[in-house]
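A.B. asks: In full-length UniProt numbering, the protein residues as written are 1 to 228. By construction, the Cβ of each residue, glycine as well, lies at the ideal position given by its N, Cα and C atoms. Here it is: the structure, laid out below.
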Ligand SMILES: Nc1ncnc2c1ncn2[C@@H]1O[C@H](COP(=O)(O)OP(=O)(O)OP(=O)(O)O)[C@@H](O)[C@H]1O
Ligand SMILES: [Mg+2]
């Protein structure tokens with residue numbers, strides 16, 4: 001589905017990612033883990049075409065997308081929920097959702113399945129985005145990305161600053177979504193990762209240093225990587 005090979009990425013002069021190899025497959029939740037500043041968000045921004053990637057390749061369904069601008073990558077089927085969510089605070093829940101539909105193919109009707117997945121959005125349909133809690137905003141951001149019907153859904157730290165009951169809820173939704181798409185998640189909350197991930201990559205200083213299925217990873221080494 002989505003495949004990064006030997007990908008380098010730079011901010012100005014500084015090389016941040018070094019030869020990153022990573023794959024996200026349909027039917028699987030793939031997690032990219034690492035401590036602050038490791039390069040996780042940079043990896044997601046590179047996938048979206050938001051920063052320079054001078055070497056390496058990014059393929060979606062075996063076709064290179066590395067030369068495409070961001071909006072084309074979205075059209076090809078990559079849904080992105082950035083770190084910090086970035087919903088539109090002055091628009092209502094409904095308006096935010098409609099923008100998700102438009103990202104794919106213009107106008108449309110929000111399907112009921114979205115409200116079945118996130119009942120809270122139906123309840124607050126006419127509330128403005130900034131009148132939602134952090135967890136509700138995260139649910140709105142995920143719902144908006146799903147409405148564009150992506151092949152790959154990218155979530156950057158979906159649990160950041162969110163209370164445990166909503167984290168559980170988001171975990172359930174992600175596990176359900178993977179039957180229709182590849183899900184690629186950046187996370188620092190290890191307990192959550194070990195619960196939902198089918199495959200993990202650990203990043204340190206812009207490189208992947210450990211990878212594997214959660215059951216096969218050395219959890220002590222993982223913990224040590226995170227707390228250095
Ligand atoms: N706009 C930028 N310009 C220059 N350097 C940047 C920029 N954004 C991030 N960096 C640097 O790139 C490195 C990786 O940052 P990145 O945001 O990818 O980390 P992260 O793993 O997502 O961390 P966190 O867990 O804190 O979100 C850091 O050293 C950071 O200082
Ligand atoms: Mg980040």
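Please return the same chain residues whose Cβ sits closer than 8 Å to the Cβ of residue 129, not counting the five positions on each side in sequence.
C.D. replies: Taking the chain shown and counting its residues from 1, the one referred to as residue 129 is at position 129. If we look at residue 129 and ignore the five residues flanking it on each side, its Cβ neighbours are 87, 88, 89, 90, 91, 92, 93, 96, 137, 140.
A.B. asks: With residue 8 and residue 19 assumed to form a contact (beta carbons below 8 Å), what rounded beta-carbon distance in angstroms separates them?
C.D. replies: What you label residue 8 is simply residue 8 of the chain shown in a count that begins at 1. What you label residue 19 is simply residue 19 of the chain shown in a count that begins at 1. Contact flag correct, Cβ pair sits at about 7 Å.
A.B. asks: On the DSSP bridge assignment, give the partners of residue 57 in chain order.
C.D. replies: Walking along the chain shown from the start, residue 57 turns up at place 57. Looking at the DSSP assignment, residue 57 forms a beta bridge with 5.
A.B. asks: Measuring CA to CA, which of 5, 178, 114 is closest to residue 63?
C.D. replies: Start at 1 with the first residue of the chain shown, and residue 63 comes out as number 63. Nearest option by C-alpha distance: 5.
A.B. asks: Kindly provide the chain-ordered list of residues whose Cβ lies closer than 7 Å to any non-hydrogen atom of ligand 2.
C.D. replies: 40, 41, 83, 156, 157, 186
A.B. asks: Taking 8 Å as the limit between beta carbons, can you name the residues of its chain near residue 177, skipping five residues before and five after?
C.D. replies: Position 177 of the chain shown, counted from the start, is the residue given in the question as residue 177. Closer than 8 Å at Cβ, skipping near neighbours: 146, 153, 183.
A.B. asks: Would you mind working out which of 71, 206, 127, 33 sits nearest residue 16, comparing C-alpha positions?
C.D. replies: Within the chain shown, residue 16 is the residue found at index 16, counting from 1. Selected option, being the one with the closest Cα: 206.
A.B. asks: Tell me the DSSP secondary structure of residue 135 in three-state form.
C.D. replies: Against the chain shown, residue 135 aligns to sequence position 135. Residue state, collapsed to three classes: helix.
A.B. asks: By the three-class DSSP mapping on this structure, what secondary structure does residue 144 have?
C.D. replies: Position 144 of the chain shown holds residue 144. Looking at residue 144 - three-state DSSP - the assignment turns out to be helix.
A.B. asks: Cβ of residue 38 versus every heavy atom of ligand 1: is any distance shorter than 6 Å?
C.D. replies: Position 38 of the chain shown, counting from 1, holds the residue named residue 38. Yes, since a heavy atom of ligand 1 falls inside the 6 Å radius drawn around the Cβ of residue 38.
A.B. asks: For residue 69, collect the residues of the same chain with a Cβ closer than 8 Å to its Cβ; drop the 5 residues on either side in sequence, then sort them by chain order.
C.D. replies: In the chain shown, the residue the question calls residue 69 occupies position 69. Non-local beta-carbon contacts of residue 69 in its own chain, meaning distances under 8 Å to residues more than five positions away in sequence, involve 49 in chain order.
A.B. asks: Counting only the same chain and skipping the five closest in sequence on each side, list residues whose C-beta sits under 6 Å from that of residue 39.
C.D. replies: Sequence index remark: in the chain shown, residue 39 carries index 39 (1-based). Same-chain partners within the cutoff: 16, 17, 203, 206.
A.B. asks: So, using beta-carbon positions, are residue 223 and residue 156 closer together than 7 Å?
C.D. replies: The residue given as residue 223 occupies position 223 in the chain shown. The residue given as residue 156 occupies position 156 in the chain shown. No; because the gap between Cβ atoms is not below 7 Å, this pair is not in contact.
A.B. asks: Take the Cβ of residue 169 as the centre, count every other Cβ of all protein chains shown within 10 Å, and call the residue buried at 16 or more, exposed below.
C.D. replies: Taking the chain shown and counting its residues from 1, the one referred to as residue 169 is at position 169. The residue is buried, with at least 16 neighbouring Cβ atoms inside 10 Å.
A.B. asks: Check residue 46 in the structure and name its three-state DSSP category.
C.D. replies: As a first step, residue 46 must be located in the chain shown, where it is residue number 46. Three-state result, residue 46: helix.
A.B. asks: Alpha carbon to alpha carbon, how far is residue 164 from residue 22?
C.D. replies: Position 164 of the chain shown, counted from the first residue, corresponds to residue 164. Position 22 of the chain shown, counted from the first residue, corresponds to residue 22. The straight-line gap from Cα to Cα measures roughly 29 Å.
A.B. asks: Would the beta-carbon of residue 115 be found less than 6 Å away from any heavy atom of ligand 1?
C.D. replies: Numbered from 1 along the chain shown, position 115 holds the residue referred to as residue 115. False, no ligand heavy atom lies under 6 Å from that Cβ.
A.B. asks: Starting from residue 229, trace the alpha helix (DSSP H) both ways and give me its first and last residue.
C.D. replies: The requested residue 229 does not occur in the structure, where the chain is confined to residues 1 to 228.
A.B. asks: Does the Cβ of residue 119 have 16 or more other Cβ atoms within 10 Å, making it buried, or fewer, making it exposed?
C.D. replies: Taking the first residue of the chain shown as 1, we reach residue 119 at position 119. The residue in question, residue 119, is exposed, as its Cβ has fewer than 16 Cβ neighbours within 10 Å.
A.B. asks: Under 7 Å between the Cβ atoms of residue 108 and residue 148?
C.D. replies: Residue numbering aside, residue 108 sits at position 108 when the chain shown is read from its first letter. Residue numbering aside, residue 148 sits at position 148 when the chain shown is read from its first letter. No.
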